[in-house]
Amino acid sequence: MKRVLLGMSGGVDSSVAAIVLLEQGYEVIGATMKLWEPENEGEESKCCGNDNILDAKRVCDKLGIPHYTLNFKEEFKECVIDNFIETYKNAITPNPCIECNKFLKFHYFFKKAMELECDYIATGHYAKTEFSKKYNQFVLKKSNAGKKDQSYVLYNIPKNIIGKVLFPLGNFENKEQIREIAKQHRLLTAKKPDSQEICFIPDDDYAGFLIRSGKVKSEPGQIVNKEGKILGTHRGLIHYTIGQRKGLGISNENPLYVIDLDIKNNKLIVGEEKDIYSKVLYAKDINYTVDIDKTKPIKIQAKIRYSAKEGTATLYPEKNGITKVEFAEPQRAITRGQSVVFYIDDVLIGGGKII
558 MKRVLLGMSG GVDSSVAAIV LLEQGYEVIG ATMKLWEPEN EGEESKCCGN DNILDAKRVC
618 DKLGIPHYTL NFKEEFKECV IDNFIETYKN AITPNPCIEC NKFLKFHYFF KKAMELECDY
678 IATGHYAKTE FSKKYNQFVL KKSNAGKKDQ SYVLYNIPKN IIGKVLFPLG NFENKEQIRE
738 IAKQHRLLTA KKPDSQEICF IPDDDYAGFL IRSGKVKSEP GQIVNKEGKI LGTHRGLIHY
798 TIGQRKGLGI SNENPLYVID LDIKNNKLIV GEEKDIYSKV LYAKDINYTV DIDKTKPIKI
858 QAKIRYSAKE GTATLYPEKN GITKVEFAEP QRAITRGQSV VFYIDDVLIG GGKII
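Under my numbering, the sequence shown is numbered contiguously, ending at residue 912.
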């Protein structure tokens, strides 16, 4: 019997993932990563707090499988929280969930699984892994869940461990199916709401979190247009991101949007909607999940954020660690610090950080 270390958040997805794995004949060990301690007494994360650890334990008890709590608070602070702060400090918009997947789930968690002599790790993400004859290797693929597919946030899985990663929910088409299974098994997580906010910022006030860190300042500065004309005053660059329209506090004949953040001069640059569209981006820290010919341009589908639609694009060969991606149609609000992810058909072939 193959042994699996299943990451359990205390939510319904990972709970049902345990059921599916058991039905498929695996020996399942549940594990919840303790990643963060709240700043204030009584504050609780909806993603990785003590209540969620307890919920995961209760699910495991009901299913008759062991459960462990893994203390990765120091690793999480170093790899995710410190990165989040430093990135915003440089007027770049991070995606902490992608960093968490890269360093915590598919490095430290995977390492712990190997120490426990497990054959696989698994999570409740909506994605698939399977062997591809075309690529002659295990590949990461889109799930059957359509808009709920989460392959975008998983592009940093090292190529050499994809064959050791299981996504038991990959064939489900919607969340209602998952909740129905949890209900049938009388799991306490059946009606538990999804977690939406950043887990270490439970009040969703990321600017307040950054300021309280003592490492990021929120100094007012000028709002200017592309020609440098002063239009108003901003509250501090950490409050804004590319494509933002609301909260600018200025009026104009045509709606204005954030088109750039000038950290050197502490200026917020705004323009009209047409100014936030672009066909070309550059990315670094590329992780390829399949073996492809990187010496020539490749036709792909690419996404610039989790909620974005895929666009037809050309991926150009890497030069000095930088890759160019050119879209057939302009993309809205390409943002530094976010990830661009590459697909060929339903196979995720890689991705990287937009610069």
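Each residue gets a CB set at the ideal place from its N, CA and C atoms; glycine is no exception.
- Counting only the Cα atoms, I780 lies some 58 Å from Q581.
- Taking the CA atoms as reference points, A840 sits about 19 Å from D819.
- With a cutoff of 9 Å on beta-carbon distance, Y814 and A890 are scored as near each other.
- Residue range 607–620 is occupied by the alpha helix (DSSP H) that includes R615.
- In this structure, DSSP gives D842 an extended state, which the three-state scheme calls strand.
- Ranked by Cα distance from G703, the options L562, G727, L592, I816 are led by G727.
- With a minimum length of 3 residues, the unbroken runs of beta strand (DSSP E) contained wholly in the region 692–778 fall at 694–699.
- A distance below 7 Å between beta-carbons, with the five flanking residues on each side excluded, links K659 to the following residues of its chain, in chain order: N713.
- For Y645, the enclosing alpha helix (DSSP H) begins and ends at 639–646.
- Judged by their CB atoms, K876 and L838 are not nearer to each other than the 9 Å cut-off.
- According to the DSSP assignment, P887 belongs to the beta strand (DSSP E) that extends over 880–889.
- The C-alpha of V696 lies about 16 Å from the C-alpha of I843.
- Going by DSSP, M671 is part of the alpha helix (DSSP H) stretching over 666–672.
- At a Cβ-Cβ threshold of 9 Å, K685 and S708 count as neighbours.
- Between the region 623–630 and the region 661–672, the count of C-beta pairs closer than 8 Å reaches three or more; the two stretches touch.
- Per DSSP, reduced to three states, the secondary structure at S566 is coil, with no helix or strand assignment.
- Closest by C-alpha distance to T892, out of S752, L767, G800, G681, is G800.
- Nearest to D676 by alpha-carbon distance, out of K910, T869, K559, is K559.
- Pairing L563 with I718 gives a Cβ-Cβ distance that is not under 9 Å.
- DSSP, reduced to helix, strand and coil, places E784 outside both helices and strands of the structure shown, so it counts as coil.
- Between V847 and I906, the beta carbon gap of about 5 Å places them in contact (Cβ cut-off 8 Å).
- Shortest Cα-Cα distance from G621 to any of Q694, L744, E643, Y645 involves L744.
- In terms of Cβ geometry, G567 and D608 form a close pair [threshold 9 Å].
- In this structure, DSSP gives A575 a helical state, which the three-state scheme calls helix.
- In the three-state DSSP reduction, H796 falls in the helix class (H, G or I).
- DSSP places L818 in the strand class (E or B) of the three-state scheme.
- The DSSP-derived three-state label of I655 is helix.
- Look at I833 here: in three-state DSSP terms it is helix.
- F729 sits buried, since 16 or more C-beta atoms from the chains shown fall within 10 Å of its C-beta.
- Here E594 carries a coil assignment [DSSP, helix/strand/coil].
- By the criterion of a C-beta distance shorter than 7 Å, K856 is surrounded in its chain by T871, once the five residues flanking it on both sides are discounted.
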